[in-house]
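S.K.: Listed in order, the protein sequences are those of chains A and B.
Sequential numbering of the first sequence, starting at 1, is according to full-length UniProt numbering.
Sequential numbering of the second sequence, starting at 1, is according to full-length UniProt numbering.
A virtual CB, placed ideally from N, CA and C, is assigned to each residue, including glycine.
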Amino acid sequence: MTTAVAAPAAAPPAAEAKVRHAWTQHGLLFVVPFLAVYLAFLVWPVVLGVRMSLSSVNIAGTNDRFVGFGNYAEAFGDPRMWRSLWNTLVFTALSTVPLVLLGLALALLVHHLRFVQWLWRLSFFGPFLLPSAVVSLLWLQMIYPPGYGLINGTFGLDVLWLGDPSVAMWSVVLTTVWWTVGFNFLLYLAALQSIPHHLYEAAALDGAGAWARLRSITLPMLGRTTALIVVLQLLASLKVFDQIYLMTGGGPQDSTRPIIEYAYDVGFTGYRIGYASAVSYILFAIIVVVSLAQLRLFRKRAEDS
Amino acid sequence: MTKRFRPGQLALLLVALVLAAVWLAPIAWAVATSLKPETETTKLPLEWFGSELTLDAYRLVLGTGDIVTWAINSTVTAVLVTFLTVLLSAMAAYGFARTHFRGRRALLALILAGIMVPPQVLMAPLFAEMVALGLVDTWWAIVLPQVAAPLILYVLFKFFQDVPPELEQAAFVDGAGRWRVFFTIVLPLSRPVLAAVSIFTFITTWNNFLWPFLVSTDPNTMTLPVGLANVVQGTFGLRYAQIMASVVLAGLPLLVVFVLFQRQIVRGVAHTGLAGQ
């Protein structure tokens, strides 16, 4: 660069170092705007939530007495809290398995097809882009209703998909799988595309069949992706709220009410926002444990790439 | 790489076609229902097409104007969140990745710890905060809590770390300051990753339900998902064609976004790998 020579940088090295030093000190200014929003709307609410969970405050902000761990003690003795926590864990277990396995199966299928990739992506990933309210309305009003609903109507069934306590959770899981499997599908698809091709060529030379290649190359190479997807899926499922709230409202007979909905119910319709904070923070504790695993995976992935 | 066509491929293709049909069926059913005359939406046995194709349901839904208001609210809030999130995260990520200042490591650790905080468990304190600030039923109540995104910062931080220092050095030597280097060299260079995180943020915000639902009680400040949720709970004399027309209208924008930005969306998902459900 010829201009560089004529520029102020032609100054002695010490001066240049000084200028450089000034620049690096300015770094804090880049961080401050983010930090302000972060402190105001993330760190502060976390602190405020702890304080609220130790108080009897209601949604109007009144009756704000310190009750120590009273809310937590009450929550641990509250059968509806346990029921909603149990429902959340059941939903997480039931949804994670098909969402991971089906995501993998769809990705393997699409990866091996050379035709109309956009069609597969649109079909399997498209639903993930729909707002939860759209998905819930659609399934609640047109897919699940007895009689004219698409499933019962097409197959001549008479299942109370959302009205039967022993079926409702499965229905919620089914909708969730349809709606969100595309996310895992895309992550797997990206991972499959990054497996070096020469591995397969070498294996083919050794006479490995399709099944052997899948078992000894593809699946092991997807190990880290699978770990990441499982953790992300656990985190997403533990936070389930929208589709359940909108499709069943937690019913029938509390059979689908997840813990976030219980916190919402006691806080925003039952007005006990201090107690709601305590319930939320019980879930928070579970999520932090899963997140720590995720953070480690994320770091590893970043280091590898 | 050329692939020979084999019978195995044909079988895979058939399986994929069947699965794609199953996956598209609910959406197709919504579209089909929205195009039927209202009286035929619950007819048995099921028929995919009514006696005529009609846009009446769309006309009625758009005529009330609510869905238009909600779409405007969704667009404004999602654009604001996306713009602020990406700008603030990119600036901060650059500060962390390419400059040195006292307390840098500690601050970065504090921010990365925020990845573990799910917004859903903060609904009570955040709501109390919004009440205290007097922001309930405003766009800002919807926007502000969604802006601080430590995950986006992390993705950009990783990217900026890999920008070759020579590119910056040349500009410094030419007398450019940090800010100019950031805006004229680093940001343009990062366009693909910025596009990916922007689209990802936009989709997440557009689809967010719980938070906007908590802070908007006035139909005039509701976003599309919240407005539609009101439809779920408010319609007893059910008009299925109109409900499905609303569903199609609310779902369409993102499917269009997907078709237009497929590559960036795929990259965004692969990069950020984290989303709320």
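At 4 residues or longer, and completely inside the stretch 164-202 of chain B: list those alpha helix (DSSP H) runs for me, N to C.
M.R.: 165-173 and 178-181
S.K.: Put SER55 of chain A into one of helix, strand or coil per three-state DSSP.
M.R.: Position 55 of the first sequence, counted from the first residue, corresponds to residue 55 of chain A. If DSSP states are grouped into helix, strand and coil, SER55 of chain A belongs with the strands.
S.K.: Just the C-alpha distance for GLY163 of chain A and LYS43 of chain B, rounded to the nearest angstrom, thanks.
M.R.: The sequence position of residue 163 of chain A within the first sequence is 163, counting from 1. The sequence position of residue 43 of chain B within the second sequence is 43, counting from 1. Each residue's alpha carbon lies about 21 Å from the other.
S.K.: Going by C-alpha distance, which of A:MET247, A:LEU232, A:GLY156 and A:VAL240 is nearest VAL231 of chain B?
M.R.: Position 231 of the second sequence, counted from the start, is the residue given in the question as residue 231 of chain B. Of the candidates A:MET247, A:LEU232, A:GLY156 and A:VAL240, the one whose C-alpha sits nearest the C-alpha of VAL231 of chain B is A:MET247.
S.K.: Under the three-state reduction of DSSP, which class applies to PHE76 of chain A: helix, strand or coil?
M.R.: If you number the first sequence from 1, residue 76 of chain A lands on position 76. PHE76 of chain A falls in the helix class under three-state DSSP.
S.K.: Just tell me which of A:ALA236, A:LEU29, A:LEU228 and A:PRO252 has its CA closest to the CA of ARG102 of chain B.
M.R.: Counting from 1 along the second sequence, the entry for residue 102 of chain B is found at position 102. Ranking A:ALA236, A:LEU29, A:LEU228 and A:PRO252 by Cα distance to ARG102 of chain B puts A:LEU29 first.
S.K.: Helix, strand or coil for PHE157 of chain B per DSSP?
M.R.: Your numbering for residue 157 of chain B matches position 157 in the second sequence. Here PHE157 of chain B sits in helix by DSSP.
S.K.: Please compile the residues from chain B whose C-beta is within a distance smaller than 8 Å of the C-beta of ILE273 of chain A.
M.R.: Position 273 of the first sequence, counted from the start, is the residue given in the question as residue 273 of chain A. Within chain B, the residues near ILE273 of chain A are ALA124, PHE127 and ALA128.
S.K.: Hey, does TYR94 of chain B have any beta-carbon neighbour from chain A nearer than 7 Å?
M.R.: Here the question's residue 94 of chain B lines up with position 94 in the second sequence. Yes, its Cβ sits closer than 7 Å to a Cβ of chain A.
S.K.: What residues of chain B sit near LEU283 of chain A, judged by a beta carbon separation below 9 Å?
M.R.: On the first sequence, position 283 is the one that residue 283 of chain A refers to. Residues of chain B passing the Cβ test: PRO118, GLN120 and VAL121.
S.K.: Skipping 5 residues on each side, what residues in its chain have a beta carbon closer than 6 Å to that of VAL257 of chain B?
M.R.: For the purposes of this step, residue 257 of chain B is identified with residue 257 of the second sequence, where counting begins at 1. Hits under 6 Å: none found.
S.K.: Just the chain A side, please: which residues come within less than 9 Å of ARG59 of chain B by C-beta, in chain order?
M.R.: As a working mapping, residue 59 of chain B is identified with position 59 in the second sequence. Neighbours of ARG59 of chain B on chain A: none; closest Cβ ~19 Å, over 9 Å.
S.K.: So, at 8 Å on beta carbons, what are the nonlocal neighbours of ARG180 of chain B in its own chain, with the 5 sequence-adjacent residues on each side left out?
M.R.: Locating residue 180 of chain B in the second sequence gives position 180, counting from the first residue. Counting only Cβ-Cβ distances below 8 Å, and skipping sequence neighbours, we find ALA171.
S.K.: Identify the continuous alpha helix (DSSP H) that holds ASP254 of chain A and give its terminal residues.
M.R.: Counted from its first residue, the first sequence places residue 254 of chain A at position 254. Unbroken run through ASP254 of chain A: none, as it is neither H nor E.
S.K.: What three-state label does DSSP hand PHE91 of chain A in the structure shown?
M.R.: What you label residue 91 of chain A is simply residue 91 of the first sequence in a count that begins at 1. Residue state, collapsed to three classes: helix.
S.K.: What separation, rounded to the nearest whole angstrom, lies between the Cα atoms of LYS158 of chain B and LEU187 of chain A?
M.R.: The residue you call residue 158 of chain B lines up with position 158 of the second sequence. The residue you call residue 187 of chain A lines up with position 187 of the first sequence. The C-alpha of LEU187 of chain A is placed about 19 Å away from the C-alpha of LYS158 of chain B.
S.K.: Leaving out five residues before and five after GLU201 of chain A in sequence, what residues of the same chain have Cβ atoms less than 7 Å from its Cβ?
M.R.: Walking along the first sequence from the start, residue 201 of chain A turns up at place 201. So no residue of the chain qualifies.
S.K.: Quick one: complete alpha helix (DSSP H) runs, 4+ long, within the stretch 155-232 of chain A?
M.R.: 168-193, 197-205 and 210-213
S.K.: In its own chain, which residues sit with a C-beta less than 6 Å from the C-beta of ALA32 of chain B, not counting the 5 before and 5 after it?
M.R.: Numbered from its first residue, the second sequence carries residue 32 of chain B at position 32. Answer for ALA32 of chain B: TRP48, listed in chain order.
S.K.: On the three-pair Cβ rule with 8 Å, is the stretch 174-188 of chain A touching the stretch 266-276 of chain A?
M.R.: No, because fewer than three Cβ pairs between the stretch 174-188 of chain A and the stretch 266-276 of chain A fall closer than 8 Å, the two stretches do not touch.
S.K.: Can you confirm whether LYS300 of chain A, when its beta carbon is compared against all beta carbons of chain B, has any partner nearer than 7 Å?
M.R.: Translated into the one-based positions of the first sequence, residue 300 of chain A becomes position 300. False, the Cβ-Cβ gap to chain B never drops below 7 Å.
S.K.: What did DSSP end up calling PHE101 of chain B once you bin it into helix, strand or coil?
M.R.: Mapped onto the second sequence, residue 101 of chain B falls at position 101. Reduced to three states, the DSSP call for PHE101 of chain B is coil.
S.K.: What are the boundary residues of the alpha helix (DSSP H) that includes GLN242 of chain B?
M.R.: Numbered from 1 along the second sequence, position 242 holds the residue referred to as residue 242 of chain B. 240-260 is the span of the alpha helix (DSSP H), which, as asked, contains GLN242 of chain B.
S.K.: Just the Cα atoms here: how many angstroms apart are PRO118 of chain B and LYS239 of chain A?
M.R.: On the second sequence, residue 118 of chain B is found 118 positions in, with the first residue counted as 1. On the first sequence, residue 239 of chain A is found 239 positions in, with the first residue counted as 1. When rounded, the distance between both Cα atoms is 8 Å.
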